[in-house]
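Add 8 to a position in the sequence shown, counting from 1, and you land on the number used in this note's numbering. Input: a single structure, listed below in structure tokens.
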Amino acid sequence: MQLTFPVTGMTCAACVRRVEKALLGVAGVTEASVNLATNSARVEWDEGEAGARQIVSAVEDAGYGVDVDRVEADVEGIFCASCVQKIEKSLHRLPGVLEANVNLATGRISVSSVAQAVSLEDISEAAKRAGDYAVRPIKSETVRSTADERERREDESLRRDLISAAALTLLVFVGSMPMLFPFVRHVPLSIRFIVLFALTAPVMFWAGWRFFRGAWAAARHWTADMNTLVAVGTSAAFIYSSFVTFAPHLISEGPGELHVYFDTSAMIITLILLGRFLERRARGRASEAIKRLADLAPRTATVLRDGAETEVPIDDVVPGDTVLVKPGGKVPVDGVITNGTSAVDESMITGESVPVDKGPGDEVVGATIVRTGSFEFRATRTGRETTLAQIIRMVEEAQGSKAPIQRLADRVAGIFVPTVMGLAAVTFVLWLSLGPEPVLTNALLRLVAVLIIACPCAMGLATPTAIMVGTGRGAEMGVFIKGGETLETAHRLTAIVLDKTGTLTRGEMSVTDLLTAEGVDDAELLRVAAAVERNSEHPVAQAVVARARDSRVEPPAVSGFEAVPGKGVRGELDGAEVLVGTEDFLRERGAVPESESSASSVLSGAAELEAGGRTPLLVALAGRLLGGVGGADTLRP
Numbered sequence: 009m010q011l012t013f014p015v016t017g018m019t020c021a022a023c024v025r026r027v028e029k030a031l032l033g034v035a036g037v038t039e040a041s042v043n044l045a046t047n048s049a050r051v052e053w054d055e056g057e058a059g060a061r062q063i064v065s066a067v068e069d070a071g072y073g074v075d076v077d078r079v080e081a082d083v084e085g086i087f088c089a090s091c092v093q094k095i096e097k098s099l100h101r102l103p104g105v106l107e108a109n110v111n112l113a114t115g116r117i118s119v120s121s122v123a124q125a126v127s128l129e130d131i132s133e134a135a136k137r138a139g140d141y142a143v144r145p146i147k148s149e150t151v152r153s154t155a156d157e158r159e160r161r162e163d164e165s166l167r168r169d170l171i172s173a174a175a176l177t178l179l180v181f182v183g184s185m186p187m188l189f190p191f192v193r194h195v196p197l198s199i200r201f202i203v204l205f206a207l208t209a210p211v212m213f214w215a216g217w218r219f220f221r222g223a224w225a226a227a228r229h230w231t232a233d234m235n236t237l238v239a240v241g242t243s244a245a246f247i248y249s250s251f252v253t254f255a256p257h258l259i260s261e262g263p264g265e266l267h268v269y270f271d272t273s274a275m276i277i278t279l280i281l282l283g284r285f286l287e288r289r290a291r292g293r294a295s296e297a298i299k300r301l302a303d304l305a306p307r308t309a310t311v312l313r314d315g316a317e318t319e320v321p322i323d324d325v326v327p328g329d330t331v332l333v334k335p336g337g338k339v340p341v342d343g344v345i346t347n348g349t350s351a352v353d354e355s356m357i358t359g360e361s362v363p364v365d366k367g368p369g370d371e372v373v374g375a376t377i378v379r380t381g382s383f384e385f386r387a388t389r390t391g392r393e394t395t396l397a398q399i400i401r402m403v404e405e406a407q408g409s410k411a412p413i414q415r416l417a418d419r420v421a422g423i424f425v426p427t428v429m430g431l432a433a434v435t436f437v438l439w440l441s442l443g444p445e446p447v448l449t450n451a452l453l454r455l456v457a458v459l460i461i462a463c464p465c466a467m468g469l470a471t472p473t474a475i476m477v478g479t480g481r482g483a484e485m486g487v488f489i490k491g492g493e494t495l496e497t498a499h500r501l502t503a504i505v506l507d508k509t510g511t512l513t514r515g516e517m518s519v520t521d522l523l524t525a526e527g528v529d530d531a532e533l534l535r536v537a538a539a540v541e542r543n544s545e546h547p548v549a550q551a552v553v554a555r556a557r558d559s560r561v562e563p564p565a566v567s568g569f570e571a572v573p574g575k576g577v578r579g580e581l582d583g584a585e586v587l588v589g590t591e592d593f594l595r596e597r598g599a600v601p602e603s604e605s606s607a608s609s610v611l612s613g614a615a616e617l618e619a620g621g622r623t624p625l626l627v628a629l630a631g632r633l634l635g636g637v638g639g640a641d642t643l644r645p
């Protein structure tokens, strides 16, 4: 069995190693992978030996947290205690379920699970496997924690701490540098030290409290992490400076002026807060890619039920529903057309800027855009089974994946903090024993230096952050990267194979060629073509209108506009029929005479455009062929 769930409280690669060690210590767990960038863990275990409860307990015993959600729903078809037992047993088999209760009296299910591990659809499927039970949502009473809200609160807290710490640290810096700010020298030394103490204490124990809290959590489990390094290093400088301020007689340094190092503590806390703020910003930007993907899907769908059109939330659409989509709308879920025809813009999936003609029996994909015509389709995949949902899941899995080099970094990080602590202790003892006067000050400064230089632990955080940002940025640009291992091996590529449309090209149509018959200029051709095409939503039509606008050609108004799917459009301009479309469309309406040489030159030019990968449209006015327009998806810069 496999489960991916969020872990709270991790701050460095040492935390990753500790959580992984705790998970692997659970009987039956065969694989555990923890990712610091996504604050998540992925576990595989033997169902017969371990369960979600033991896994969560192992994480909590290691000093970290796991968010727990509760989902409630109504259940129909239960009549006795046997029904209750069967459903509860089936629910407990779901990965991530901690507790499942079915109330026979109220007909309600309550499931507690690891955050986001179990959905209403999962509960419904489990109930169906147990018997003929139907699960219905309770929209007003469904209880689920929201990761977005939690992230927002954490961001605000970190930003607030950083701003206040930076403001106080600036004052501490000024007060600690009389050589740079001469006016500070006029303040008596004892008063200056007390002021510096008062300014540094909030930075240490309010803005920097998260580091001390993390260090204490690690210490309670007889371990150390990056929080330990920060807490010990800054505390050493702060405590020493506090003795100099309030009990200088206890500090024996020999003759000379005593010094305080409040600025060291304050600046270290502020800089590491800045580092964490930048890390969260980078991870947040990567997460935005997934949010933008999710925003592609519409929020509601028009479903035909009992012969009436009903607008329902997209989550309420189930396989088998008949869904109606109108021009300009988005296909809400995946399905198969049962009635009607349309041109559907599938560039979101394929990159192809030219809409694809769809009819009965053709498949449609959720989040694609209906350009012309309306149709009804039968929903086949909904919720987490749609193509878009699978793409989103693939990006999430890629962002949470580990590169091989990261596994090495995690192993090193597991012994990194104890090694640093040991080196710092040895450094302190050597300087205390062999160093020059003032011995204690010099030894303390070297101790702090060793601890603080190691604090950010970039080797443990850089790789997962790079993978997360890289895969997220790729998703924004339409490049889906399978995972960290793919990125790590990319440097060995010797050839790259790309398809053209939407990859090497812009993904939108533009006019590339104008073919004019004898006696017709470009402006006249664009004027007539744009007059009728500005009523169409087809990408080639929009390209023609844009070319006319760029050429400062003002198209006149037409009446009687009609679009013929897959062929072209028509309208009336000053009583004369205007036709824009394929050669067959114009021939059917007698607008392509066989004898005129000007017509044959236009037709041959259109054939060449089509052979070259462009989309040709012929233009006729009052039965006379005026020329043709070539459209194409042009290369990116």
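Where a beta carbon is used, it is the ideal one built from N, C-alpha and C, also for glycine.
- Here L31 carries a helix assignment [DSSP, helix/strand/coil].
- Assignment of S273 by DSSP, reduced to helix, strand and coil, places it in the helix class.
- Closest option to L102, judged by alpha-carbon separation, among M9, R26, V15: M9.
- Counting other Cβ atoms within 10 Å of its Cβ, M185 stays below 16 and is therefore classed as exposed.
- Cβ-Cβ separation between K338 and A375: approximately 6 angstroms, consistent with a contact (criterion under 8 angstroms).
- The three-state secondary structure of M517, taken from DSSP, is strand.
- Every alpha helix (DSSP H) of 4 residues or more that sits fully in the region 538-565 is shown, in chain order, as 547-558.
- When C-alpha distances from A302 are compared across E317, T310, I322, the shortest belongs to I322.
- Taken through DSSP and simplified to helix, strand or coil, V325 comes out as coil.
- Per DSSP, reduced to three states, the secondary structure at L501 is coil, with no helix or strand assignment.
- By the neighbour-count definition (other C-beta atoms within 10 Å, threshold 16), A206 is an exposed residue.
- Rounded to whole angstroms, the gap between the alpha carbons of L178 and L448 is 27 angstroms.
- In the three-state reduction of the DSSP assignment, S350 falls in the strand class, which pools E and B.
- Excluding five sequence positions before and after T19, the CB atoms of its chain that fall closer than 7 angstroms to its own CB belong to G222, D233, M234, N235, given in chain order.
- DSSP places A628 in the uninterrupted beta strand (DSSP E) bounded by 623-629.
- Assignment of S184 by DSSP, reduced to helix, strand and coil, places it in the helix class.
- Within the region 113-144, the alpha helix (DSSP H) runs of at least 4 residues that lie entirely inside it are, in chain order, 128-138.
- Only buried fits M476, as 16 or more other CB atoms lie within 10 angstroms of its CB.
- Per DSSP, the unbroken alpha helix (DSSP H) holding S250 starts and ends at 234-254.
- Secondary structure remark: continuous alpha helix (DSSP H) runs of at least 4 residues inside the region 570-625, in chain order: 591-596, 605-619.
- Just so you know, the alpha carbons of F189 and A244 end up roughly 26 angstroms apart.
- Cβ neighbours of F13 within its own chain (closer than 7 angstroms, five residues either side excluded): S48, A49, V74, G104, V122, A123, A125.
- Of all C-beta pairs linking the region 24-34 to the region 52-72, three or more are shorter than 8 angstroms, placing the two stretches in contact.
- Secondary-structure assignment with DSSP links R78 through a beta bridge to S120.
- In the displayed model, W224 falls within a helix according to three-state DSSP.
- In the structure shown, T308 falls within a strand segment according to DSSP collapsed to helix, strand and coil.
- Rounded to the nearest whole angstrom, the C-alpha separation of A255 and F213 is 21 angstroms.
- The beta carbon of M517 lies closer than 8 angstroms to those of S361, V362, P547, V548, Q550, A551, T623, G639, A640, D641 in the same chain, with the five residues before and after it left out.
- Within the model, the alpha-carbon separation for V143 versus T38 is close to 34 angstroms.
- Between R560 and the set E55, L581, A538, the nearest pair of CA atoms involves A538.
- Residues of the same chain with a CB within less than 6 angstroms of the CB of A630, apart from the 5 flanking positions on each side, are A584 in chain order.
- In this structure, the CA atom of L617 is about 19 angstroms from the CA atom of D529.
- Nearest to G576 by C-alpha distance, out of A565, G359, N543, V311, is N543.
- In the structure shown, R644 falls within a coil segment according to DSSP collapsed to helix, strand and coil.
- No residue range can be given for E526, since it is assigned to no beta strand (DSSP E) and is classified by DSSP as neither H nor E.
- Rounded to the nearest whole angstrom, the CA to CA distance from E319 to A309 is 6 angstroms.
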